[in-house]
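Residue numbers (our numbering): 672 to 1414. Ideal Cβ placement from N, Cα and C applies to all residues, glycine included. Worksheet for the structure shown next.
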């Protein structure tokens, strides 16, 4: 797909009807179901007389001046015909109707319609929204077909208008990134020719093609060098599709000075590549002194004459390292190699594309079962300042295990002469479930330290256990919140980092829905809106987050009115099956159950009013107040004795419950007080456990108070993680830490 977001409404793009379109001269339009590229219908354009037909979107959509947009549309003849050509145009307008003024039009190259079938690829126009206008600008799409006979028809479908799908941060233009318009952004340098092809592409419809003239290195490069900054780390990468018999590609960045002279070349050979499959290849390098510009160069090692190499999604961008990261993008991301990391003990390491937290690769650590498995970044000692605190934050993936996985984050401090001062280890207990985890460890450098080696040690894994490491970050201080789903518990586990950042006195944590509304997360002593800061890391759980909807978590460190804040990435909790609901006790998350719904509540809201007849007049005086909350009765079905026990365990307390519905039902989650409960057998046979439950419900406000315990954690978990209670007290600052398993 070549648009980042289609700005046209679905009814206009997918032709739900013809109302979103206006016929041009010599044209009548209708929606037809005789043919469609997508869906069930298309827009049919019929010529009144021989000549040209056209149709334009009825409404303008707002666009941003200076931003590059693309438009395209698929077209097909209603009956077999030849000699017709189709174009797509973006019509730019100042302001909006009724005062809109057309200020320009950008039109695609004409594309000949096949006699039958749809134009694939479609005609594409890519253009920059006209800049420098004093008013807001907007755009429409016009599709034009020439060479029509009187009474003949064509159809158009799957029309799009939107910003191009430019890779974020790419310094190369979209036309150079993917050759969607032409290949003019590239030039052959040696032993080859360049063009574009629609035979295969990684994104959009076209890709860059390099054809080798002879058996040798075939080389092409970007025509226009892009500006660089000295000392900044950059990455150039490309998705490559190799021909049969080929296996080697070199990706290069060629650095130039202000005069255009070549300073140096950073090159990365990729060998052993598989033909006829897309592989991402990259080079990572830092701009050398005097460098002002750079080009991307692709060197294909041709093993036969006329070998054709295909490239797409080509980028040259600043390395996307976290701000302040003290290690380079290559050892932090493993996008190029894993050789910068050393297997120190009881393991092997390799670069893997099986899993990645970001990008396409990670470091795979394979334990040999001989003890603690340790890897270290020995190739890149980190400069440190004595008495300064630093934190190490890798992303680590492990498969399902029978118990929590322990990992030590290590700092080995060194003196200026290279001798070792000491090693500081911070132990984290990762959950037993498969997934990505974000352990964080911080330590203070000794006063005489000037460098540190970072390491990751997995505690006593079994032989052939696999761990994946990605996005390694080392930096002074920092704060953040990581939101992860608690499998099977319909809740979120929240890891808070850097709580001591800024020396604030309190922290608070809120859930933020898509509208931006903030709701406090419940903790052991109530809402977590003003918790005294007693350490750098905190953990919370949220069992009241909506299911099937992306939410974020807002972490705030504050002292009075002064504060620092961070927001998590979106988290969408797994929705419940579309025949069931989840019932929870917000104060005791372990009390929750699912049940099949046989009958939804018929909600009633009774009036609060008094009707008072008045002597001598026909109409009464009515005194009213706000209506009472909703009441109703809900019917549920359970099938097993375990489900019966779970239902009574939940209902026996009489506590306020949270009812969470499947998103597809259109019901909002609701807090209820359960009144009378009826448990009815579905079958008059004693050993059948099927039950029908009737629950009288009254909607109430979100209850006050805190939570007790966790939905997926028991004292057995605590005992498995710690040798004795002293060990618990050494790592748990509060009872919340014990309940949810904070390190």
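Using the Cα positions of residue 1270 and residue 1251, report the straight-line distance between them to the nearest angstrom.
-> 11 Å
Three-state secondary structure (DSSP) of residue 1125 | strand
Count the other CB atoms, across all protein chains shown, that sit within 10 Å of the CB of residue 1453; report buried if there are 16 or more and exposed otherwise.
-> This structure gives no information on residue 1453, because the portion of the chain shown stretches from 672 to 1414.
Are there three or more Cβ pairs, one per stretch, closer than 8 Å when the stretch 1073 to 1081 is compared with the stretch 1124 to 1136?
-> yes
Could you check what DSSP says for residue 1285 in three-state terms: helix, strand or coil?
-> coil
Quick one: what's got a C-beta closer than 6 Å to residue 1265's C-beta in the same chain, skipping five residues either side?
-> 1251 and 1253
Hey, could you find the ends of the alpha helix (DSSP H) residue 1318 is sitting in?
-> 1312 to 1322
Measure the C-alpha to C-alpha separation of residue 748 and residue 816 and round it to an integer number of angstroms.
-> 10 Å
Just how far apart, CA to CA, sit residue 1355 and residue 1364?
-> 15 Å
Of all the options 1038, 1189 and 972, which has the alpha carbon lying nearest to the alpha carbon of residue 941?
-> 972
Classification of residue 1059 by the beta-carbon crowding that lies within 10 angstroms, buried from 16 upward = exposed
Based on Cα-Cα distance, which residue from 1015, 1007 and 1047 lies nearest to residue 1031?
-> 1007
Cut-off 6 Å between Cβ atoms - residues of its own chain near residue 1155, not counting five sequence neighbours on either side | 1164
Residue nearest to residue 1415 in terms of C-alpha spacing, selected from 1243, 1116, 1229 and 1230 | Look at the range of the chain in this structure, 672 to 1414, and you will see that residue 1415 is not part of it.
Contact set for residue 855: own chain, Cβ-Cβ below 8 Å, skip 5 residues either direction | 846 and 894
What did DSSP end up calling residue 1011 once you bin it into helix, strand or coil?
-> coil
In three-state terms, what does DSSP make of residue 1290?
-> coil
Do you know how far the Cα of residue 982 is from the Cα of residue 947?
-> 12 Å
How close, in whole Å, do the beta carbons of residue 970 and residue 920 come, if the pair is a contact with beta carbons under 8 Å?
-> 7 Å
Residue closest to residue 1003, alpha-carbon to alpha-carbon, out of 1140, 958, 872 and 1013 = 1140
Residue 905 - containing beta strand (DSSP E), residue span | 904 to 912
Is DSSP giving residue 1392 helix, strand or coil here?
-> helix
Within 9 Å, strictly: CB atoms of residue 1016 and residue 1064 | no
State yes or no: is the C-beta of residue 1389 within less than 9 Å of the C-beta of residue 1331?
-> no
Same chain only: Cβ atoms within 6 Å of residue 1153, ignoring 5 sequence neighbours per side | 1109 and 1166
Terminal residues of the beta strand (DSSP E) in which residue 927 lies | 920 to 927
Would you mind sorting residue 650 into buried or exposed? The rule is 16 or more other CB atoms within 10 Å of its CB.
-> Since the first residue shown for the chain is 672 and the last is 1414, residue 650 is missing from the structure and cannot be characterised.
Buried or exposed for residue 1069, please, with buried defined as at least 16 other CB atoms from any protein chain shown within 10 angstroms of its CB.
-> buried
What is the DSSP secondary structure of residue 683, reduced to helix, strand or coil?
-> helix
So what does residue 1369 bridge to, in DSSP terms?
-> 1302 and 1344
Cβ pair count under 8 Å reaching 3, the stretch 778 to 796 against the stretch 758 to 766 | yes
Nearest to residue 1275 by CA position, among 1358, 1368 and 1197, is which residue?
-> 1368
Report the partner residues of residue 937 according to the DSSP bridge assignment.
-> 924
Inter-residue Cα distance where the pair is residue 1026 and residue 1005 = 11 Å
Go ahead and pull the three-state DSSP assignment for residue 849.
-> helix
Of the residues 939, 961 and 964, which one's Cα is nearest the Cα of residue 953?
-> 939
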